[in-house]
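K.L.:
Dropping a structure here in structure tokens format, bear with me for questions.
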Amino acid sequence: MSRNLSERVIELLKETGKVSEADIQRALAQYSKEEGGKLRDVFVKMGLISERELLSLVSVELKIPFLNLNKIKINPELSRLVPEKLARKHQIVPISEIGNALTIAMSDPFNVFAIDDIAICTRRKVEAVISIEKDITDSLQRLYGDTGESMNAIAEAASGGSGSVEVVKGDEEGGGSQTSEAPVVKIVDLILKEALRRRASDIHIEPFEKAVRVRYRIDGGLEEALTIPKKNQNAVLTRLKIMSKLDITENRVPQDGRFKVKLAAKEVDFRVSILPVYFGSKVVMRVLDKGALSFGLENLGFFPDTLKAFQEAVAKPFGMILITGPTGSGKSTTLYSILSQLNTPERNVITIEDPIEYQVRGITQIQARAEIGLDFASGLRAILRQSPDVVMVGEIRDGETADIAIKASLTGQLVLSTLHTNDAAGAMTRLMDMGVEPFLIASSVVLVGAQRLCRKVCPNCKEKIEVPKEVFERLNVNIDRLAPDPAKRNFLKGKGCEKCNQTGYFGRMSVLEALTVDDAMRDMIVRKASAAEIREHAAKNGMTSLRDDALRKCAQGLTTLDEVLRITSEDE
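Structure follows, in structure tokens:
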């Protein structure tokens with residue numbers, strides 16, 4: 006705000022009595038302490054007057070119309086008449102053009118330099134209206150955000166905040182031409198820092214016709230973060246390829262890579278997948294925080310009975326442990342937690358994965374590469390000649406891999422792997438469908454865990470709620486069996502706050518059923534019993550189903566009933 010307008014605002018406030026003399030003096034004292042800024046903002050921050058009320062006052066006095074930018078639609082063609090650089094510099098928005106007259110919205114009508122610059126640039130007679138500064142900023146983003154030259158503005162934002170991103174030495178090659186001061190480097194740093202600050206598990210960079218959208222997957226759901234100007238799309242892509250050691254000249258085929266960064270003394274791995282799409286290349290980065298692996302099974306959200314079943318299975322010298330569930334259900338985290346427990350100097354632990362998600366010290370890890378013949382089956386054969394004690398196979402996808410893995414578990418190795426089935430009992434019939442002999446399954450599998458991830462109630466905005474018993478009756482749920490003591494039931498929900506981004510949820514935990522294979526179940530497998538029969542037998546012998554496990558967590562106030570119904574079905 007110019008000095009002239011500041012002085013006129015003070016005069017108007019005194020004349021109209023909107024603000025007392027004492028409050029004006031307090032505001033002036035506060036303004037003198039601040040470096041830069043605007044006097045108007047001081048009055049607004051102190052709650053003495055709203056910005057809309059203040060500008061309306063100025064509008065009446067100066068006989069300049071006050072315009073609510075949120076209620077009008079601006080012609081996109083005006084962005085060609087007024088360059089974005091000039092509009093952002095002076096914080097003005099072109100509103101309309103009639104003949105040789107151009108109307109602009111601005112928050113400081115005394116800024117004659119801005120009006121003169123626009124007039125000279127456009128060769129138009131300029132008329133001004135007054136608008137709220139935030140509305141002007143939002144309108145500039147709508148008008149220029151998809152096509153503009155705002156890379157430096159984003160880069161300036163990236164240079165703020167705490168901590169800097171440092172690519173770990175050896176993970177960035179060929180990047181000598183880029184400096185940490187380059188705008189594209191700052192923007193990529195901003196994307197990574199924000200992802201870590203907001204606890205994102207994935208970063209999606211998606212090109213469209215006129216812009217590049219950045220989204221984060223937080224607690225299982227995607228949230229839009231920022232928009233990158235289209236003209237900077239290739240620069241951001243090249244930067245990420247350099248960090249990931251990928252060919253920057255190849256844009257026709259998918260590419261996969263990884264890099265590691267250090268932020269505030271913490272190292273985080275990023276797994277990168279680049280896919281050519283219609284408007285460029287889509288980049289998805291999986292955020293791999295190895296700190297999560299040191300938690301151990303007891304901190305993954307398992308109840309004591311489920312944890313005991315897992316601990317007993319892990320303690321066995323040989324056999325097969327399977328984790329089932331859809332993509333993104335936390336299977337890999339559970340397997341790595343088991344591996345970290347088994348990773349001792351006296352054990353030879355070898356894995357074959359596609360891709361390797363976490364690099365773990367002390368474990369021999371093999372990247373499967375089907376294009377050269379190193380698939381799970383051939384890799385597993387080679388591993389068994391290395392005298393392993395513990396073997397992890399990333400996923401059992403075919404009968405050959407299943408057969409070799411099961412036979413390995415019968416010859417002295419503890420084998421860990423994953424399957425894509427909906428529940429634990431379905432793993433047995435899935436292996437049979439792959440062609441594995443039932444007697445081999447019965448002899449080798451010691452435990453199958455079916456897993457999902459559910460969101461946890463935000464601890465910052467949680468509140469207690471009452472869930473009528475009729476609700477559970479409609480859902481065919483016996484809540485008295487799952488939580489016998491009504492006094493200990495603690496149904497909660499999150500109201501939504503800044504910490505959880507108004508979702509009511511913060512973080513995720515495992516929901517899991519553990520099916521232990523006993524002698525009776527082995528007989529059922531040999532005679533090819535159905536998954537329903539196996540599930541019924543396991544339930545009678547103490548197995549907690551996925552839905553019951555989730556409902557128990559709900560009754561303890563860890564999650565909500567809505568979340569239970571979202572991640573489980575009635576027959577799970």
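Under our numbering, residues 6 to 577 are what the sequence shown spells out, in order. Cβ coordinates follow ideal geometry from the N, Cα and C atoms, glycine included.
Starting from the C-beta of G501, find all residues in its chain whose C-beta is less than 7 Å away, skip the five residues before and the five after it, and write them out in chain order.
P.N.:
For the purposes of this step, residue 501 is taken as the residue at position 496 of the sequence shown. Only residues of its own chain outside the window of five on either side were considered, and among them C466, Q507, T508, G509 have a CB closer than 7 Å to the CB of G501, listed in chain order.
K.L.:
Please classify S112: does DSSP put it in a helix, a strand, or coil?
P.N.:
Taking the sequence shown and counting its residues from 1, one reaches residue 112 at position 107. Correct three-state label for S112: coil.
K.L.:
Pull up the distance between the alpha-carbon of I343 and that of K235, whole angstroms please.
P.N.:
Stepping through the sequence shown from its first residue, residue 343 is reached at position 338. Stepping through the sequence shown from its first residue, residue 235 is reached at position 230. Taking the straight line from one Cα to the other gives about 44 Å.
K.L.:
Determine the direct distance from the alpha carbon of V14 to that of C463, and round the result to whole angstroms.
P.N.:
Along the sequence shown, one-based indexing puts residue 463 at 458. Along the sequence shown, one-based indexing puts residue 14 at 9. So the two alpha carbons sit approximately 44 Å from each other.
K.L.:
To the nearest angstrom, report how far apart H209 and L280 are at their CA atoms.
P.N.:
As a working note, residue 209 is residue 204 in the sequence shown. As a working note, residue 280 is residue 275 in the sequence shown. Approximately 11 Å, taken between the alpha carbons.
K.L.:
Looking only at C-alpha atoms, which of R479, I79, L293, I77 sits nearest to K267?
P.N.:
Working through the sequence shown from its first residue, we reach residue 267 at position 262. Residue L293 is the option with its Cα nearest to K267.
K.L.:
Quick one: what does DSSP say V292 is sitting in, helix, strand or coil?
P.N.:
As a working note, residue 292 is residue 287 in the sequence shown. Strand, per DSSP.
K.L.:
Could you tell me if A320 is buried or exposed, where buried requires 16 or more neighbouring beta carbons within 10 angstroms of its beta carbon?
P.N.:
For the purposes of this step, residue 320 is taken as the residue at position 315 of the sequence shown. With fewer than 16 Cβ atoms within 10 Å of its Cβ, A320 is classed as exposed.
K.L.:
Applying the criterion that 16 or more other CB atoms from any shown protein chain within 10 Å of the CB defines a buried residue, is G153 buried or exposed?
P.N.:
In the sequence shown, the residue the question calls residue 153 occupies position 148. Reliability of the predicted coordinates at G153 is poor, the pLDDT of 40 falling under 50, and the value obtained from them is presented with this limitation in mind. Under this definition G153 is a buried residue.
K.L.:
Contact between the stretch 522–539 and the stretch 554–574 is defined here as three or more beta-carbon pairs at a separation below 8 Å; is this criterion met?
P.N.:
no
K.L.:
DSSP on L148, reduced to helix/strand/coil?
P.N.:
Along the sequence shown, read from residue 1 onward, the residue named residue 148 stands at position 143. Three-state DSSP puts L148 in a helix.
K.L.:
Buried or exposed: where does R390 fall if 16 or more other Cβ atoms within 10 Å of its Cβ makes it buried?
P.N.:
Numbered from its first residue, the sequence shown carries residue 390 at position 385. Exposed, since its Cβ has fewer than 16 Cβ neighbours within 10 Å.
K.L.:
Does the contact criterion of 3 or more C-beta pairs under 8 Å hold for the stretch 214–229 versus the stretch 486–504?
P.N.:
no
K.L.:
Kindly indicate which residue of T369, A429, D528 has the alpha-carbon position closest to the one of A517.
P.N.:
As a working mapping, residue 517 is identified with position 512 in the sequence shown. Note that residue 517 is Leu in the sequence shown, not Ala. Cα-wise, what sits closest to L517 is A429.
K.L.:
Which stretch, first to last residue, makes up the beta strand (DSSP E) that contains M397?
P.N.:
Along the sequence shown, one-based indexing puts residue 397 at 392. Here the beta strand (DSSP E) through M397 covers 395–398.
K.L.:
Three Cβ pairs or more, each shorter than 8 Å: is that satisfied between the stretch 401–416 and the stretch 522–531?
P.N.:
no
K.L.:
Could you check where the alpha helix (DSSP H) with Q456 kicks off and where it finishes?
P.N.:
Indexing the sequence shown from 1 puts residue 456 at position 451. Note, Q456: premise wrong, no alpha helix (DSSP H); beta strand (DSSP E) at 450–462.
K.L.:
May I ask you to report which of helix, strand or coil DSSP gives L18?
P.N.:
To locate residue 18, count along the sequence shown from 1; it is residue 13. In the structure shown, L18 sits in a helix (DSSP, three-state: H, G or I).
K.L.:
So is F48 buried or exposed if we call it buried at 16+ other beta carbons inside 10 Å?
P.N.:
For the purposes of this step, residue 48 is taken as residue 43 along the sequence shown, with counting starting at 1. Its Cβ being crowded by 16 or more others within 10 Å, F48 is buried.
K.L.:
Within 10 Å of its beta-carbon, does A27 have 16 or more other beta-carbons around it, so buried, or fewer, so exposed?
P.N.:
For the purposes of this step, residue 27 is taken as residue 22 along the sequence shown, with counting starting at 1. Looking at its Cβ environment, which holds fewer than 16 other Cβ atoms inside 10 Å, A27 is exposed.
K.L.:
I'd like the list of long-range same chain contacts for E478, defined as Cβ closer than 6 Å, with 5 residues on each side in sequence excluded.
P.N.:
Here the question's residue 478 lines up with position 473 in the sequence shown. So no residue of the chain qualifies.
K.L.:
Considering only residues of the stretch 354–379, which uninterrupted beta strand (DSSP E) runs meet the minimum length of 3 residues and lie entirely inside it, listed in chain order?
P.N.:
354–358, 369–372
K.L.:
Let me confirm a value: F118 is counted as buried when at least 16 other C-beta atoms fall within 10 Å, else exposed. Which label applies?
P.N.:
As a first step, residue 118 must be located in the sequence shown, where it is residue number 113. The residue in question, F118, is exposed, as its Cβ has fewer than 16 Cβ neighbours within 10 Å.
K.L.:
For the beta strand (DSSP E) containing Q260, name the first residue and the last one.
P.N.:
Residue 260 sits at position 255 when you count from the first residue of the sequence shown. First-last of the beta strand (DSSP E) with Q260: 260–268.
K.L.:
Are the Cβ atoms of I97 and I69 separated by less than 8 Å?
P.N.:
The residue you call residue 97 lines up with position 92 of the sequence shown. The residue you call residue 69 lines up with position 64 of the sequence shown. For I97 and I69, no; Cβs fall outside 8 Å.
K.L.:
So P212 packs on S286, CB below 8 Å; how close in whole Å?
P.N.:
Position 207 of the sequence shown, counted from the start, is the residue given in the question as residue 212. Position 281 of the sequence shown, counted from the start, is the residue given in the question as residue 286. At roughly 7 Å, the Cβ-Cβ gap stays under 8 Å, so P212 and S286 are in contact.
K.L.:
What distance in whole Å lies between the Cβ atoms of S422 and A410, which are believed to be in contact at a cut-off of 8 Å?
P.N.:
As a first step, residue 410 must be located in the sequence shown, where it is residue number 405. As a first step, residue 422 must be located in the sequence shown, where it is residue number 417. Right, their Cβ atoms sit about 6 Å apart.
K.L.:
Could you tell me the distance, in whole angstroms, from the CA atom of E82 to the CA atom of V189?
P.N.:
For this step, residue 82 is matched to residue 77 along the sequence shown. For this step, residue 189 is matched to residue 184 along the sequence shown. Spanning the two alpha carbons is a distance of roughly 28 Å.
K.L.:
Threshold first: 3 residues or longer. Then list the beta strand (DSSP E) segments lying entirely within the stretch 70–135, N to C.
P.N.:
Every beta strand (DSSP E) of 3 residues or more that sits fully in the stretch 70–135 is shown, in chain order, as 98–103, 106–111, 130–135.
K.L.:
When DSSP builds the beta bridges, which residues end up paired with L419?
P.N.:
The sequence position of residue 419 within the sequence shown is 414, counting from 1. Its beta-bridge partners are G324, V395.
K.L.:
Rounding to the nearest angstrom, what Cα-Cα distance links T332 and L419 in this structure?
P.N.:
Position 327 of the sequence shown, counted from the first residue, corresponds to residue 332. Position 414 of the sequence shown, counted from the first residue, corresponds to residue 419. Between the alpha carbons of T332 and L419 lies a gap of roughly 24 Å.
K.L.:
Between A314 and L452, how many whole angstroms is the CB-CB distance? I'm expecting something under 8 Å.
P.N.:
Position 309 of the sequence shown, counted from the start, is the residue given in the question as residue 314. Position 447 of the sequence shown, counted from the start, is the residue given in the question as residue 452. The pair is a contact, with the Cβ atoms about 6 Å apart (cut-off 8 Å).
K.L.:
Buried or exposed: which applies to N116, given that a residue is buried once 16 or more other Cβ atoms fall within 10 Å of its Cβ?
P.N.:
Taking the first residue of the sequence shown as position 1, residue 116 is located at position 111. Counting Cβ neighbours within 10 Å, N116 comes out buried, since at least 16 surround it.
K.L.:
What residues in its chain sit with their C-beta under 6 Å from that of C521, if we drop five residues either side in the sequence?
P.N.:
The residue labelled residue 521 in the question sits at position 516 within the sequence shown. According to the sequence as given, residue 521 is Thr; it is not Cys. Around T521: A314, L452.
K.L.:
Mind checking which residues open and close the beta strand (DSSP E) that includes L231?
P.N.:
Residue numbering aside, residue 231 sits at position 226 when the sequence shown is read from its first letter. 226–234 is the span of the beta strand (DSSP E), which, as asked, contains L231.
K.L.:
Near R57, which residues of its chain fall below 7 Å by C-beta distance, leaving aside the five closest residues on each side in sequence?
P.N.:
Mapped onto the sequence shown, residue 57 falls at position 52. Hits under 7 Å: I137.
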